[in-house]
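For what it's worth, UniProt numbering labels the leading residue of the sequence shown as 1, then goes sequentially.
Built from N, CA and C at the ideal position, the CB exists for glycine as well.
The block underneath contains the structure these notes are about, expressed in C-alpha cells.
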Amino acid sequence: MTRTHTTVFVLVAIVALVLGLTVNKVLNSKSQGDPAALLDAGIVLLPQNRSLPALSLIDQDGKEVAVDQLKGDWTLLFFGYTFCPDICPATLAQLRQLQTQLPEETRARLNVVMVSVDPHRDTPEQLSKYLGFFNAGFKGLTGEEETLQKFANSVSIPYIPADTSKENYTVDHSGNLVIIGPDGTQRGFIRAPINNTKLAAQLPGLVSGS
1 MTRTHTTVFV
11 LVAIVALVLG
21 LTVNKVLNSK
31 SQGDPAALLD
41 AGIVLLPQNR
51 SLPALSLIDQ
61 DGKEVAVDQL
71 KGDWTLLFFG
81 YTFCPDICPA
91 TLAQLRQLQT
101 QLPEETRARL
111 NVVMVSVDPH
121 RDTPEQLSKY
131 LGFFNAGFKG
141 LTGEEETLQK
151 FANSVSIPYI
161 PADTSKENYT
171 VDHSGNLVII
181 GPDGTQRGFI
191 RAPINNTKLA
201 AQLPGLVSGS
C-alpha cells in the first residue's frame with residue numbers, strides 16, 4: 001500500500017467514524033422521544049450528561065449512599081423536607097399517582113428519591129416515617145448541610161438554608177425534579193409544577209430509550 005493509499009484509507013476511516021458518531025447521536029436523541037413533546041411535558045434534557053459529585057449521604061435506613069453510584073435504574077430526585085407545609089407533600093402525592101399511570105415495566109425502572117434540604121430535623125428515622133405515609137416505595141437521603149448543598153448545587157437545584165433558631169422555620173427550595181439515568185449521570189430536569197398526564201405519556205419512551 002502506497003503512502004497515498006494509506007492517507008486516503010485513514011481519511012475514509014475518520015469520515016466513517018464521524019458519520020457513525022453523528023448517526024448514533026441522532027438515533028439516541030430520537031429514541032428519547034419527540035423533543036417538542038418532552039418539553040411540553042416539562043422534561044428538559046441536558047445537551048450532555050452531567051456526572052454527579054463523589055459525595056456520601058445517609059438514606060432513610062441509616063445506610064451510607066454514594067450519590068455518584070445511583071445507577072442501574074432511572075431516578076427522579078426531589079429536593080424537599082418532611083416539615084414542608086405545601087409543595088413537598090403535594091409533589092410526592094403527585095408522584096405516587098404518576099406511578100399508577102405508568103406501564104409496569106417503566107414503573108419498575110424508575111425510582112423516586114427525596115433529598116432533604118432540612119438536615120437539622122430530617123434524620124433517617126424521620127425520613128423513613130414521613131415517606132412511609134405515601135406507601136409508594138420512595139427513598140430518602142439526608143446528611144450534613146454542607147454536603148447537601150454541594151449536591152444540590154451540582155445538579156442546579158440550589159436552596160436557601162433556613163435559620164434553624166426560629167421555631168417552625170421553613171426552607172426555600174425548588175419544586176423541579178432531577179432526572180438521573182441508569183449510568184448514574186444527570187440527564188435533565190422535570191419542571192414544576194408537574195403534569196402527570198403528559199409525564200405518563202413521555203416517560204416510558206425516555207426510560208426505554210436508555
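* Asked: How far does the alpha helix (DSSP H) with Glu-64 in it reach, from first residue to last?
  -> In the DSSP assignment, Glu-64 falls outside any alpha helix (DSSP H) and within the unbroken beta strand (DSSP E) covering 64 to 66.
* Compare the C-alpha of Gly-80 against each of Lys-71, Ser-174, Lys-129 and name the closest. => Nearest of Lys-71, Ser-174, Lys-129 to Gly-80, Cα basis: Ser-174.
* To do: Have a look at the DSSP bridge pairing and note the partners of Leu-110.
  => According to DSSP, which records beta bridges pairwise, Leu-110 is partnered with Trp-74.
* To do: Would you be able to state if there are at least three C-beta pairs under 8 Å between the segment 148 to 158 and the segment 122 to 139?
  => These segments do not touch.
* Asked: On the three-state DSSP scale, how would you describe residue 230?
  -> Because the chain in this structure spans residues 1 to 210, residue 230 falls outside the shown range and cannot be described.
* To do: Quick one: grab the DSSP three-state call for Asp-163.
  => Asp-163: coil per DSSP, three-state reduction.
* **Gln-126 vs Thr-185 beta-carbon contact at 8 Å** => Their beta carbons are not under 8 Å apart, which means Gln-126 does not touch Thr-185 by this criterion.
* Quick one: give me the first and last residue of the beta strand (DSSP E) that Ser-51 is part of. => Note, Ser-51: beta strand (DSSP E), 43 to 51.
* Tell me whether the beta-carbon of Val-44 lies closer than 8 Å to the beta-carbon of Gly-209. => Cβ distance not < 8 Å, so Val-44 and Gly-209 don't count as in contact.
* Asked: When the Cα atoms are used, what is the spatial distance from Thr-164 to His-120?
  -> Approximately 7 Å, taken between the alpha carbons.
* Asked: Ser-156 by DSSP, collapsed to three states: which one?
  -> Here Ser-156 sits in coil by DSSP.
* Asked: If we count the other Cβ atoms within 10 Å of its Cβ and call it buried at 16 or more, is Ser-51 buried or exposed?
  -> Result: exposed.
* To do: Pick helix, strand or coil for Leu-177, following the three-state DSSP scheme.
  => Correct three-state label for Leu-177: strand.
* Asked: Among Asn-176, Leu-110, Asn-168, Glu-144, which has the Cα closest to the Cα of Leu-70?
  -> The candidate whose alpha carbon is nearest that of Leu-70 is Leu-110.
* What is the rounded straight-line gap between the Cα of Gln-202 and the Cα of Thr-75? -> Computed Cα separation, rounded: 15 Å.
* **Cβ-Cβ separation, Ala-200 to Gln-101 (assumed contact under 8 Å), whole Å** => The beta carbons of Gln-101 and Ala-200 sit about 4 Å from each other, so the pair counts as a contact at 8 Å.
* Please state whether DSSP places Ser-29 in a helix, a strand or coil. => Only weak support is given to the placement of Ser-29: the predicted model assigns it a pLDDT of 42, under 50, and the question is left unresolved by the model.
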